[in-house]
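Participant: I'd like to ask some things about the structure below.
2 protein chains.
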Amino acid sequence: MILIAERINAGFKDIAEALRERAKGPVQEWARRQTAQGADYLDLNIGAVSKEPSDMRWLVEVVQEAVSTPICVDSTRVPVLEAGLDVGDGRPFLINSTTADPGKLEQVVPLAAEHGAGLIGVAMDQRGSPQDVDRRVENAAQIFAVATDAGLAPEQIFLDPVLMPVRHMQEQGPNVLEAITQYIMLSDPPPHISVGLSNIRSGTSEKKLITSTFVAMAMARGLDAAICDVMDDVLLNVVATAELILNKEIYSDAYLRAFRMKRGSS
Amino acid sequence: MILIAERINAGFKDIAEALRERAKGPVQEWARRQTAQGADYLDLNIGAVSKEPSDMRWLVEVVQEAVSTPICVDSTRVPVLEAGLDVGDGRPFLINSTTADPGKLEQVVPLAAEHGAGLIGVAMDQRGSPQDVDRRVENAAQIFAVATDAGLAPEQIFLDPVLMPVRHMQEQGPNVLEAITQYIMLSDPPPHISVGLSNIRSGTSEKKLITSTFVAMAMARGLDAAICDVMDDVLLNVVATAELILNKEIYSDAYLRAFRMKRGSS
């Protein structure tokens with residue numbers, strides 16, 4: 303399971319403040335903590351308010367100073383993504399994200415190809431979020447086709463079926479699971495499949511239980527990546543256990559500890 | 303999710319003793335406790351040692367005295383199953399189990415048809431436990447064919463893909479999940495799919511975590527029944543959450559309480 307740590311996001315007050323004041327401390331602290339928890343990538347997001355490429359440039363540089371963990375630049379704005387990629391020090395990068403909107407695809411896919419970065423493709427399009435399985439599959443297939451035409455390998459492509467809050471859009475749960483099953487049939491080897499995991503628990507009373515139950519269910523269908531709260535130990539224990547059941551990790555009585563040791567403790 | 307409560311089994315010391323001494327107390331106490339937890343069926347098993355049809359007859363009568371919960375008679379011996387069914391008071395019964403062994407099928411299937419009972423069909427055969435997906439599917443299809451020929455409806459048939467301990471037979475986890483996917487394609491409406499859930503955790507250090515993670519994964523593939531420990535609140539909470547995600551129950555902030563109230567509190 304590829305864990306993309308969500309916490310360095312200016313949607314959180316401490317990160318917004320650090321960004322505004324150019325205070326490295328909180329950013330580097332979260333970089334270290336999430337790395338120690340076993341993050342495979344650190345997602346960096348300057349928030350909905352800022353449009354400043356220089357904000358992303360600063361975030362990437364500050365994180366690169368602190369840890370060697372791969373980075374996921376996260377923005378809806380192409381110049382912001384580009385600014386982050388431009389200061390990359392050679393470690394692996396992931397771009398979060400493109401949609402199937404042709405105008406978006408034609409800007410973001412070349413950026414990934416040029417920088418050798420992985421790419422998250424969210425199964426939305428110019429009409430907005432998908433409400434059924436078919437549109438999730440059409441949009442993802444479109445992203446996959448454009449990305450592979452541009453030279454990206456299947457394992458550089460992360461397809462996201464658009465997870466929605468169980469509280470408000472409960473009927474979309476089965477659609478997301480079914481879309482995952484169809485995504486893994488797109489190629490051999492299959493692309494990665496990723497979700498913004500915290501979306502599902504939005505506004506609910508049982509956040510950890512809902513998140514961890516969903517991740518087990520989605521892993522049983524083929525999910526192998528998630529943007530998520532890596533500080534959530536319930537989630538990490540369920541991920542470790544699901545990998546065991548899928549025969550991707552070896553059982554030992556200390557498998558939970560082994561999972562952590564293998565991943566982190568940097 | 304159909305929960306078949308496993309605790310009235312002479313493999314447990316208190317039940318073995320109660321059976322030997324014809325002491326109703328412990329049996330009726332477990333019947334009430336498991337019913338209150340929301341059991342859909344109470345599994346009754348006289349243990350590996352006893353071969354006495356009169357033991358099963360006594361168990362069924364004693365349980366029927368205490369609760370109105372449906373009963374699942376559980377034995378490898380046909381006369382034992384028959385003794386339990388014969389004293390049934392008209393409530394729904396389930397038979398646990400037949401295998402795909404022709405000698406077994408030809409004895410147990412008519413018993414189910416004659417008593418109007420549901421039937422658990424375990425995907426084993428005269429050669430033993432299946433080690434791959436194909437044999438799991440062949441055996442289940444064979445059971446399904448014989449049972450429907452005898453007049454059982456798909457919804458009276460519970461196919462069991464043979465869950466094995468993750469500690470010793472880890473490679474069988476993905477095979478069980480894949481078999482479930484194939485079982486739901488056997489008919490429309492599909493048969494029920496059931497496992498002996500506690501098998502997976504045998505000998506492990508993280509029993510509740512492994513059991514509940516597996517059940518979420520299997521429910522995402524189509525599992526809708528399990529013989530299990532209904533006293534395990536972690537398990538019940540995950541089952542309730544998985545039903546939410548599958549859009550089979552409606553979200554409310556009190557959905558865990560609603561799940562319990564709907565099922566039990568007798």
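Residue numbers (the numbering used here), protein chains in the order written: chain A, 303 to 568; chain B, 303 to 568.
We put the beta carbon where it would ideally sit given N, CA and C, even for glycine.
(1) Please report the residue range of the beta strand (DSSP E) in which SER399(A) lies.
(2) ILE495(A) and ARG503(A) look like a contact to me (Cβ under 8 Å); what is the Cβ gap, rounded to whole Å?
(3) Using the C-alpha atoms, what's the distance from LYS353(A) back to TRP360(A)?
(4) Count the other CB atoms within 10 Å of the CB of ARG523(B); is the residue buried (16 or more) or exposed (fewer)?
(5) Where GLU363(B) and ALA544(A) are concerned, what is the direct C-alpha to C-alpha distance, given to the nearest angstrom?
(6) Going along chain B, which residues have a C-beta under 9 Å from SER507(A)?
(7) Taking 9 Å as the CB-CB limit, is VAL540(B) close to chain A?
(8) Would you tell me roughly how many angstroms separate the C-alpha atoms of CYS374(A) and GLY390(A), rounded to the nearest one?
(9) Would you call the CB atoms of GLY423(B) and PHE460(B) closer than 9 Å?
(10) Please list, in chain order, all residues of the same chain as LEU246(B) whose beta carbon is under 6 Å from its beta carbon, the five residues on each side excluded.
(11) Between GLY566(B) and ASN549(A), is the Cβ-Cβ spacing less than 9 Å?
(12) Since LEU413(B) contacts GLU367(B) with CB under 8 Å, what's their CB separation in whole angstroms?
(13) Run the CB neighbour count on ILE529(A), radius 10 Å, all protein chains shown included, and call it buried at 16 or more, exposed below.
(14) Identify each residue in the stretch 472–498 of chain B for which the Cβ-Cβ distance to at least one residue of chain A is less than 7 Å, and report them in chain order.
(15) Below 8 Å CB to CB, which residues in the same chain sit around VAL410(A) once its five sequence neighbours on both sides are set aside?
(16) So, at 7 Å on beta carbons, what are the nonlocal neighbours of ASP526(B) in its own chain, with the 5 sequence-adjacent residues on each side left out?
(17) Starting from ASP427(B), follow its DSSP beta bridges and name the residues at the other end.
(18) Under the rule that 16 or more other beta-carbon atoms within 10 Å means buried, what is SER568(A), buried or exposed?
(19) Spatial neighbours of MET553(B) within its chain, please: CB distance less than 6 Å, with the 5 preceding and 5 following residues excluded, ordered by chain position.
(20) If contact means a Cβ-Cβ distance below 8 Å, which residues of the stretch 453–468 of chain A contact chain B?
(21) In three-state terms, what does DSSP make of ASP462(B)?
(22) Kindly identify the DSSP beta-bridge partner or partners of ALA419(A).
(23) Identify which residue in ALA338(B), PRO463(B), ARG322(B) and ASP403(B) has its Cα closest to the Cα of SER356(B).
(24) In chain A, what lies closer than 7 Å to PHE516(B) by C-beta?
(25) Since LEU346(B) and GLY386(B) should fall inside the 8 Å C-beta cutoff, what is the C-beta to C-beta distance between them, to a whole number of angstroms?
(26) Can you pull the chain B neighbours of ARG523(A), defined as C-beta to C-beta under 8 Å?
(27) Taking all protein chains shown into account, decide if MET466(B) is buried (16 or more other Cβ within 10 angstroms of its Cβ) or exposed.
Facilitator: On the basis of the supplied data:
(1) Run containing SER399(A): 395–400, per the beta strand (DSSP E) assignment.
(2) Contact between ILE495(A) and ARG503(A) is ruled out by a C-beta separation of about 19 Å, above the 8 Å threshold.
(3) TRP360(A) and LYS353(A) have their C-alpha atoms spaced approximately 13 Å apart.
(4) That one is buried.
(5) Going by the C-alpha atoms only, they are around 41 Å apart.
(6) In chain order, SER554, ASP555, ALA556, TYR557 and LEU558 make up the part of chain B whose C-beta sits under 9 Å from the C-beta of SER507(A).
(7) VAL540(B) counts as touching chain A.
(8) Straight-line Cα distance between these residues: approximately 11 Å.
(9) The answer is yes: Cβ separation under 9 Å.
(10) Given a span of 303 to 568 for chain B in the structure shown, any question on residue 246(B) remains unanswerable.
(11) Going by C-beta atoms, GLY566(B) is not nearer than 9 Å to ASN549(A).
(12) Rounded, the Cβ-Cβ distance is 24 Å, inconsistent with contact.
(13) So ILE529(A) counts as buried.
(14) Listed in sequence order: GLN472, GLU473, GLY475, PRO476 and LEU479.
(15) So the qualifying residues of the chain are VAL380, LEU383, ILE397, SER399, THR400 and LEU421.
(16) Answer for ASP526(B): MET303, ILE304, HIS494 and ILE495, listed in chain order.
(17) Beta-bridge pairing links ASP427(B) to GLY430(B).
(18) Since pLDDT at SER568(A) reaches only 40, below the 50 mark, its modelled position is unreliable, and no value is offered.
(19) One point to set straight first is that residue 553(B) is Tyr, not Met, in the sequence displayed. So the qualifying residues of the chain are LEU546.
(20) Going along the stretch 453–468 of chain A in chain order, one finds VAL468 with a Cβ nearer than 8 Å to chain B.
(21) In the structure shown, ASP462(B) sits in a strand (DSSP, three-state: E or B).
(22) BP columns for ALA419(A) are empty, so no partner.
(23) Distance from the Cα of SER356(B) is smallest, within the candidate group ALA338(B), PRO463(B), ARG322(B) and ASP403(B), for ARG322(B).
(24) Correct list: ILE547.
(25) LEU346(B) to GLY386(B), Cβ: 7 Å. Contact.
(26) Those are ALA522 and ARG523, listed as they occur along chain B.
(27) Counting Cβ neighbours within 10 Å, MET466(B) comes out buried, since at least 16 surround it.
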